[in-house]
Amino acid sequence: MQLFSEQGFDGTSTRAIAEAAGVNEALIFRHFRSKEELFWAVLSDRVERRGRGRRIREFLESSHSVQETLLAVAETLLERSEDDAAVTRLLFYSALRNRELSARFFRTYGQEMLDLLADYIRLAMRGSRFRAVNPVIAARSFLGMIVYHYLVEEVFGVAHAQELSTRELAEQLVAIFLEGVSSHGPRKNGSAGKNGFSVRASRASKNLAVWETAK
113 MQLFSEQGFD
123 GTSTRAIAEA
133 AGVNEALIFR
143 HFRSKEELFW
153 AVLSDRVERR
163 GRGRRIREFL
173 ESSHSVQETL
183 LAVAETLLER
193 SEDDAAVTRL
203 LFYSALRNRE
213 LSARFFRTYG
223 QEMLDLLADY
233 IRLAMRGSRF
243 RAVNPVIAAR
253 SFLGMIVYHY
263 LVEEVFGVAH
273 AQELSTRELA
283 EQLVAIFLEG
293 VSSHGPRKNG
303 SAGKNGFSVR
313 ASRASKNLAV
323 WETAK
């Protein structure tokens with residue numbers, strides 16, 4: 113993992129991997145047909161070992177409140193280890209040099225999480241716990257806040273914004289997602305204010321009908 117994360121997929125040779133592991137290069141190809149297969153095995157092992165996908169699915173299928181559920185999801189994603197940082201850097205290398213590998217990762221792990229969260233938001237709208245929004249865009253927005261937070265630290269080396277615990281950070285991000293940052297409350301009729309931030313209630317209802325049909 114270390115060689116891949118430091119040098120990328122294309123920059124890491126199987127010879128270098130064998131030397132770092134203290135084995136003969138031929139031994140690698142007895143277990144893996146190609147460097148890509150080895151890369152995928154290493155990546156999958158790191159991701160699945162953490163068990164995030166399973167835990168997030170359990171949270172989203174629970175009967176807890178929206179706030180408690182999203183807080184649990186956010187906290188799970190924000191609990192980072194050095195292995196997680198290595199995977200993040202590795203995926204960035206892959207996206208720049210080998211798009212098929214990064215696309216495969218997203219299809220296998222990222223798309224499932226996005227779909228689960230979008231389905232959760234869709235159900236919350238049906239139960240009137242959320243106003244009518246595009247559930248996929250909402251899911252991307254929520255995950256985007258979290259992912260960007262650790263990307264700037266793990267990939268670009270930006271210092272922590274504040275000395276917050278994982279729980280405190282998760283609470284702030286969930287509060288921003290659920291409540292927004294505007295100091296003005298929502299309009300009574302759902303119409304847009306002078307800044308155009310709100311969506312008219314009638315338009316939102318029509319959009320919800322379209323998204324339900326598309327689903």
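Using the numbering used here, the letters of the sequence shown map in sequence onto residues 113 to 327.
Yeah, the Cβ is synthetic: ideal placement off N, Cα and C, and Gly gets one too.
Just so it is clear, the structure is predicted and the values come from calculations on it, not from any experiment.
Check                                                                                                                                                              : Outcome
Count the other CB atoms, across all protein chains shown, that sit within 10 Å of the CB of Ser-156; report buried if there are 16 or more and exposed otherwise. : exposed
Helix, strand or coil for Thr-220 per DSSP?                                                                                                                        : helix
Quick check on this structure: which residue in Val-293, Ile-258, Ala-236, Phe-218 has the alpha carbon closest to the alpha carbon of Val-178?                    : Ala-236
If you follow the alpha helix (DSSP H) that Glu-170 is in, where does it begin and where does it stop?                                                             : 164 to 172
Quick one: measure Cβ to Cβ for Phe-204 and Val-267, integer angstroms, because I've assumed they're closer than 8 Å.                                              : 6 Å
Starting from the Cα of Thr-200, find the closest Cα among Tyr-232, Glu-212, Tyr-260 and give me that residue.                                                     : Tyr-260
Buried or exposed, going by whether 16 or more other CB atoms sit within 10 Å of the CB of Val-135?                                                                : exposed
Grab me the residues of Leu-189's own chain with a C-beta within less than 6 Å of its C-beta, minus the 5 sequence neighbours each way, in chain order.            : Ile-258
What are the complete alpha helix (DSSP H) segments, minimum 4 residues, inside the stretch 126 to 201?                                                            : 126 to 133, 137 to 143, 147 to 162, 164 to 172, 178 to 190
Determine the direct distance from the alpha carbon of Thr-124 to that of Leu-202, and round the result to whole angstroms.                                        : 11 Å
How would you label Arg-234, buried or exposed, when you count the other beta carbons within 10 angstroms and need 16 or more for buried?                          : buried
In whole angstroms, give me the CA-to-CA distance for Leu-276 and Arg-162.                                                                                         : 22 Å
Return the residue from the list Phe-242, Ile-249, Leu-263 that minimises the CA-CA distance to Glu-291.                                                           : Phe-242
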